[in-house]
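In the numbering used here, the protein residues as written are 14 to 360.
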């Protein structure tokens with residue numbers, strides 16, 4: 014086999030816009046399907062220890078379900094991923110009020126964030142890889158953000174079963190920017206069972222404190238016995254101990270290059286997912302709020318049907334830059350990269 018990339022029409026938005034589904038395949042048979050709506054990874058086929066492929070991300074069968082969905086299945090979220098407290102901030106002497114869509118917080122870019130917009134796609138063949146490049150312009154004032162933001166994202170699939178996500182942005186006015194990828198992973202195959210039989214390891218010593226509404230309290234705390242994943246732990250044994258069964262925002266060791274942030278593994282299939290990133294934070298989300306969601310292939314997704322490992326900047330970085338400055342300035346080009354590397358190990 015060789016690298017291939019194909020395109021098909023996935024559907025039309027209510028305003029008549031066409032949404033395409035692009036499929037990238039590597040010589041080993043790993044396959045990723047990406048929608049031009051929200052840069053959504055709709056399918057991700059990876060082999061188990063016997064070479065059998067399974068789709069390891071949650072998703073929907075129709076465009077309509079993605080347009081009304083609130084779980085961000087497989088999407089790119091922004092301008093700012095995570096919860097920005099109160100949705101308000103001052104920047105360069107001016108106040109800004111963002112859309113409030115999660116209690117008192119601004120979550121994942123607002124009411125209509127990046128996940129609900131069409132992106133312009135271009136296919137690319139690279140050395141030992143195939144890629145899809147997606148671009149959009151976020152206008153000044155979108156969801157309350159200042160500045161016109163130009164965003165470019167590349168999904169790169171290589172020959173070693175790694176899906177690399179490279180992002181870059183520039184602006185004409187200072188603005189916060191920190192996107193993330195929001196797939197829900199289930200290494201046993203989407204819809205087969207919950208992820209409680211998965212094992213997780215996160216290479217971080219600290220988390221950000223939150224209140225009962227998961228609002229960030231802007232202070233670092235050492236990991237505790239309950240949320241310490243520095244040694245691999247089975248999710249079945251841990252989730253009930255986590256604060257509100259949700260999962261925490263972990264501060265990763267400072268680095269300039271991509272480093273290993275987390276490992277998710279599934280013993281029965283042998284599939285293993287490594288998350289490599291140059292971001293400063295990793296949000297672990299257990300999938301606790303997925304309840305009776307009709308998903309792909311007539312599957313019904315329940316609690317913990319998939320887990321999220323979201324590499325991102327500090328959501329409140331515009332308010333608390335000492336914890337991670339996310340502001341991008343005019344004339345600056347910011348770049349970030351995260352790789353999801355899939356392996357299959359023997360018994």
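Ideal placement from N, C-alpha and C gives every residue a C-beta, glycine not left out.
Should residue i be labelled buried (16 or more other beta-carbon atoms within 10 Å of its own) or exposed?
i: residue 10; result: Residue 10 lies beyond the range of the chain shown here (14 to 360); nothing can be said about it.
i: residue 118; result: buried
i: residue 35; result: buried
i: residue 211; result: buried
i: residue 107; result: exposed
i: residue 220; result: buried
i: residue 116; result: exposed
i: residue 63; result: exposed
i: residue 164; result: buried
i: residue 293; result: buried
Nearest-angstrom Cα distance between residue i and residue j?
i: residue 143; j: residue 48; result: 16 angstroms
i: residue 162; j: residue 151; result: 5 angstroms
i: residue 237; j: residue 134; result: 44 angstroms
i: residue 97; j: residue 228; result: 8 angstroms
i: residue 222; j: residue 251; result: 18 angstroms
i: residue 247; j: residue 233; result: 25 angstroms
i: residue 78; j: residue 15; result: 33 angstroms
i: residue 280; j: residue 287; result: 15 angstroms
i: residue 52; j: residue 137; result: 16 angstroms
i: residue 58; j: residue 42; result: 8 angstroms
i: residue 231; j: residue 353; result: 28 angstroms
i: residue 317; j: residue 28; result: 35 angstroms
i: residue 312; j: residue 201; result: 14 angstroms
i: residue 30; j: residue 130; result: 10 angstroms
i: residue 112; j: residue 90; result: 14 angstroms
By Cβ distance below 6 angstroms, which residues in the same chain neighbour residue i in space, the five residues on each side in sequence not counted?
i: residue 24; result: 32 and 76
i: residue 21; result: 34
i: residue 189; result: 93, 331, 339 and 340
i: residue 153; result: 160 and 161
i: residue 298; result: 260 and 321
i: residue 101; result: 110
i: residue 61; result: 282, 283, 284 and 357
Our contact map puts residue i next to residue j with C-beta atoms below 8 angstroms; I'd like the distance itself, whole angstroms only.
i: residue 204; j: residue 156; result: Incorrect: roughly 33 angstroms between the Cβ atoms, too far for contact.
i: residue 213; j: residue 242; result: 6 angstroms
Please name the residue or residues paired with residue i in a DSSP beta bridge.
i: residue 355; result: 286
i: residue 68; result: 58
i: residue 244; result: Per DSSP, none; premise fails for residue 244.
Excluding sequence positions up to five away, which residues of its chain have a Cβ less than 8 angstroms from the Cβ of residue i?
i: residue 187; result: 104, 105, 159, 160, 340, 341, 342 and 343
i: residue 2; result: Residue 2 cannot be examined here, being either before or after the span of the chain that is shown, 14 to 360.
i: residue 139; result: 169
Can you list, in chain order, the residues of its chain whose CB lies under 7 angstroms from that of residue i, leaving out five sequence neighbours each side?
i: residue 308; result: 71, 72, 73, 203, 204 and 314
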